[in-house]
Amino acid sequence: MSEAERLFEKFGREFPKGTVIFREGDAGNEMYVIQSGKVNITKKARDVEKVLVTLGPGAFFGEMAIINQKPRSASAVVLEDARLLVIGPKTFDAMIRGNSEIAVRMIKILAQRLQEADEQIENLMLRDHNSRVVHLLTHLAAKGRHVPGGILVEVDPGTLAQKVGLEAQQVSEVLSKLLRARLVREQDGALLIYDVNRLREFLEFLEMKEKFGDI
Ligand code: CMP
């Protein structure tokens, strides 16, 4: 029996697509580790449910309520049939105290989440739609895949729109401009960024334009 199977036998549960694991504001003291499938973490803003992040195999969620002893900060909804390890508070405590490698890994992921939240705040402070989309693309490029001709970023206009607080149509309009300016192109359902430095220069240009206006 593999380690994953052994863990699943001890802590595992299957959650079909569409299951609401918990809702924002609920009390809860269990953490979840994804063995397979996908889970959306969502939050309500002005009565609209927004996806903060989609998590896949290896990711964990639900740790904040255990650590802070506060209600759930967001909801968790199964996007694709999932096998999850459900870790109760005692096991969580023993895991963190007994295994510094797990504790360090968790700190790194929490720090990364904070950095992403800071980037999103920076993005939402930009007033111009073009700047928001280009700013996000320059950050996504850092995590993209280097391929011949540029960097491939696996993202669709809907996801981009969620992240920058715009409508999908507004994002598509910005992408069309970037396409015409030969800064990006669509490839295999993803976006190919030809040269991230040119994209950064374009962002600087947009920021200058916002500062000084069209003259
Ligand atoms: P908790 O507050 O217990 O329940 C909601 C969970 O969503 C939270 O723990 C985190 O695990 C997760 N979560 C909240 N915000 C984010 C975020 N910005 N990125 C990734 N995961 C998040």
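Residues in the sequence shown are numbered consecutively from 11, following the working numbering. For glycine and all other residues, C-beta sits at the position ideal for the given N, C-alpha and C. Since this is a predicted model, take the numbers as computed values, not measurements.
(request) Answer with buried or exposed for Arg137, where buried requires no fewer than 16 other C-beta atoms within 10 angstroms of its C-beta. (result) Position 127 of the sequence shown holds residue 137. Flag for Arg137 reads exposed.
(message) Nearest by alpha-carbon distance to Leu17: which of Val206, Gly68, Lys219, Ile76 is it?
(response) On the sequence shown, residue 17 is found 7 positions in, with the first residue counted as 1. It is Gly68 whose Cα lies nearest to the Cα of Leu17.
(request) Give, in chain order, every unbroken run of the alpha helix (DSSP H) that is at least 4 residues long and sits entirely within the stretch 104-137. (result) 110-135
(message) Please return the same chain residues whose Cβ sits closer than 7 Å to the Cβ of Ala84, not counting the five positions on each side in sequence.
(response) For this step, residue 84 is matched to residue 74 along the sequence shown. Only Glu34, Ile51, Thr52, Lys53, Leu62 meet the Cβ criterion.
(message) Please list the terminal residues of the continuous alpha helix (DSSP H) segment that includes Gly28.
(response) The residue given as residue 28 occupies position 18 in the sequence shown. Run containing Gly28: none; DSSP gives neither H nor E here.
(request) Measure how close the beta-carbons of Val143 and Val181 come, nearest whole angstrom, since I'm counting them as under 8 Å. (result) Here residue 143 corresponds to residue number 133 of the sequence shown, with the count starting at 1. Here residue 181 corresponds to residue number 171 of the sequence shown, with the count starting at 1. Sure, about 6 Å apart at Cβ, within 8 Å.
(request) Pull up the DSSP beta-bridge partners for Ile161, would you. (result) As a working mapping, residue 161 is identified with position 151 in the sequence shown. Partner(s): His156, Ile203.
(request) With ligand 1 as the reference, list in chain order each residue whose Cβ lies under 5 Å from any of its heavy atoms. (result) Ile51, Leu62, Val63, Phe71, Gly72, Met74, Ala75, Arg82, Ser83, Ala84, Arg123
(message) So, with DSSP's three-state summary, where would you put Leu150?
(response) What you label residue 150 is simply residue 140 of the sequence shown in a count that begins at 1. DSSP places Leu150 in helix when its eight states are reduced to three.
(request) Measure the C-alpha to C-alpha separation of Met74 and Val184 and round it to an integer number of angstroms. (result) Residue mapping note: residue 74 aligns to position 64 of the sequence shown, counting from 1. Residue mapping note: residue 184 aligns to position 174 of the sequence shown, counting from 1. One C-alpha to the other measures close to 36 Å.
(request) Leaving aside the five residues before and after Ile76 along the sequence, list all residues of the same chain whose C-beta is less than 7 Å from its C-beta, in chain order. (result) Mapped onto the sequence shown, residue 76 falls at position 66. Contacts found: Asn39, Met41, Pro99, Phe102.
(message) Can you tell me whether Glu196 is helix, strand or coil according to DSSP?
(response) In the sequence shown, the residue the question calls residue 196 occupies position 186. Note: Glu196 maps to strand in three-state DSSP.
(message) Quick check on the DSSP output: the beta strand (DSSP E) that includes Gly47 runs from which residue to which?
(response) The count along the sequence shown starts at 1 and reaches residue 47 at position 37. Note, Gly47: beta strand (DSSP E), 41-55.
(request) Look at Ala152 and Leu209 and say whether their C-beta atoms are less than 9 Å apart. (result) On the sequence shown, position 142 is the one that residue 152 refers to. On the sequence shown, position 199 is the one that residue 209 refers to. No, the Cβ-Cβ distance between Ala152 and Leu209 is not below 9 Å.
(request) Would you decide whether Leu134 is buried or exposed? Buried here means 16 or more other CB atoms lie within 10 Å of its CB. (result) The residue you call residue 134 lines up with position 124 of the sequence shown. It counts as exposed.
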